[in-house]
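Data block below; observations after.
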Amino acid sequence: MKLFGSSGIRGITNKEVTPDLALKVGLALGKTKRSAVVGRDPRIAGEMMEHAIISGLLSAGCDVVRIGMVSTPTLAYATKDYDCGVMITASHNPAEYVGIKLWNPDGMAFDSNQQEEIEDCIEKEDFEPVSWDKIGNVSEDANAIRQHTNMILQNVKRSSKRVIIDCGCGAGSTITPYVLRKMGCEVITLNSQPDGYFPARNPEPNDANLTLLKTAVKEFGADIGIAQDGDADRMMAIDENGQFITGDEMLALFARHECSDAAKIVVPVDTSMMVDDSMPGSTVIRTRVGDVYVAEEIKKCNADIGGEPSGSWIFPKISYCPDGIFASAKIMELIESRTLSELKEELPHYPTYRGTVKCDNERKAHVMEVVHSKLDKCGNISDIDGIRVEMDNGWVLVRPSGTEPKIRITAEAREGADRLFSMAENIIKEALN
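Going left to right, the sequence shown walks through residues 1 to 433 as UniProt numbering numbers them.
Laid out in structure tokens, this is it:
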């Protein structure tokens, strides 16, 4: 698809994603939907894009309810009362980006078929504007955050822990501190005022961007630090010693807390075998990278939990949308009787090697064919997203970058991860010669 990536439409404001495109998305969406709820994160371009997509929806005869600045999980939860939901966000991307993500009433993002229908309509300009007397109505609803908050509080236990919440100046500022406080937590806020310039840090809640939070956790003697991205669909955590908890560790901890011994867990192909070994009686199903694909598989196989090491955690009993607010509440529940560092130490950890090899885009297909033929003899092979080979002692994943002229390699093993990495690297280099 030309417009939709793994997380909706996303690009640089007024260059790759424009009000004209938003208008067309609204017209295409309004062809088949009679009601839509629309929200946005704090991005500077948010209101501009919101007005454009609403104009398209109204022009197609679709009624629109605006819920203002909200987190993506709040918008996804509100969609249960409408034919579809529209979120104006670029999630964890920097301030100059903007995007559009579309939602179904069950909290599932539009799947590949639905996205293709929208793209096809836009490409053909197959719009159906209605007559003047059938234009949709627009109204506002101020209850979405309250309703989402109440749902979360009904599904978590109380906590008395001290938490520092870093909302990254994103949409989580409108809900997460209040949810945690109502749970009984002692809440200290950091970067919890919405600001579309994201002045405090890059919106992505990775280890490199959370230096201030790690320092604050130690200085204030907090039990945990929680960080979210620009629209709060992602969340990551810092333990009481100021140490970053990796995405693989988070997945394993949530799975152990939420699931029985015979659970179904859905993760992308780049997820550590730590998750498998933490839940030995469970079935771990791997998908393409992207929370949309993880959610689709969760729904398809009726899985108990799923997520991505990048910070997206999906709890299907409440929604198919990654919910960084619900996950924040859940991790408080998880550490009520044990520290986060203690829980982390119980997990199996294995050496992991990551790297890239430069490769022109036009040569990627040939290189991947060679990689497939060579690695096919080494173990059980999966090609749902790149090439992943499972061996007795570990695995190696070779994936072409979708945005840069390079091929990524990840290798993990109980022993010899460096040899697995070198083997894959050498195969790629030989294919390029």
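Note that CB positions come from ideal geometry on N, CA and C, so glycine has one too.
Here's the rule I'm using: 16 or more other beta-carbon atoms within 10 Å means buried, otherwise exposed. How should residue i be labelled?
i    : result
I381 : exposed
N137 : exposed
Q228 : buried
Y197 : exposed
R338 : exposed
W132 : exposed
D20  : exposed
A60  : buried
Q193 : exposed
R146 : exposed
K344 : buried
As a quick exercise: from the options, pick the residue whose alpha carbon is nearest that of residue i.
i           : options                : result
F315        : M332, I335, V294       : V294
P268        : A60, D277, R388, I152  : R388
T352        : V371, L57, A78, A411   : A411
M235        : I152, G172, A200, H349 : G172
D248        : Y97, R256, M69         : R256
K101        : A76, D83, K124, A95    : A76
residue 439 : G8, I245, I407         : Here the chain comprises residues numbered 1 to 433, so residue 439 is not present and cannot be evaluated.
I164        : N433, I331, H372, W395 : I331
Please list the terminal residues of the continuous beta strand (DSSP E) segment that includes residue i.
i    : result
C84  : 84-88
A262 : Careful: A262 lies outside any beta strand (DSSP E) and carries neither H nor E.
K358 : 352-358
A36  : 35-40
P105 : Element bounds for P105: n/a, residue is neither H nor E.
G278 : Note that residue 278 is Ser in the sequence shown here, rather than Gly. Careful: S278 lies outside any beta strand (DSSP E), inside the alpha helix (DSSP H) at 274-278.
From the DSSP output, in three-state form, read off residue i for me.
i    : result
D231 : coil
E119 : helix
P405 : coil
K63  : In the sequence as presented, Lys is not what sits at residue 63; that position holds Asp. Here D63 sits in strand by DSSP.
N93  : coil
L212 : helix
R162 : strand
S382 : strand
I238 : strand
T72  : helix
R146 : helix
G172 : helix
By how many angstroms is the C-alpha of residue j removed from the C-alpha of residue i?
i    : j    : result
E415 : D360 : 32 Å
A327 : Y320 : 13 Å
V17  : G221 : 43 Å
I298 : V266 : 6 Å
D385 : C378 : 18 Å
T215 : N113 : 45 Å
H366 : A431 : 8 Å
A142 : I67  : 6 Å
P42  : P400 : 33 Å
S6   : A252 : 23 Å
Could you tell me the boundaries of the alpha helix (DSSP H) in which residue i lies?
i    : result
K24  : 19-30
S59  : 46-59
G247 : 247-258
A327 : 324-334
A222 : Careful: A222 lies outside any alpha helix (DSSP H) and carries neither H nor E.
V367 : 364-375
E342 : 340-345
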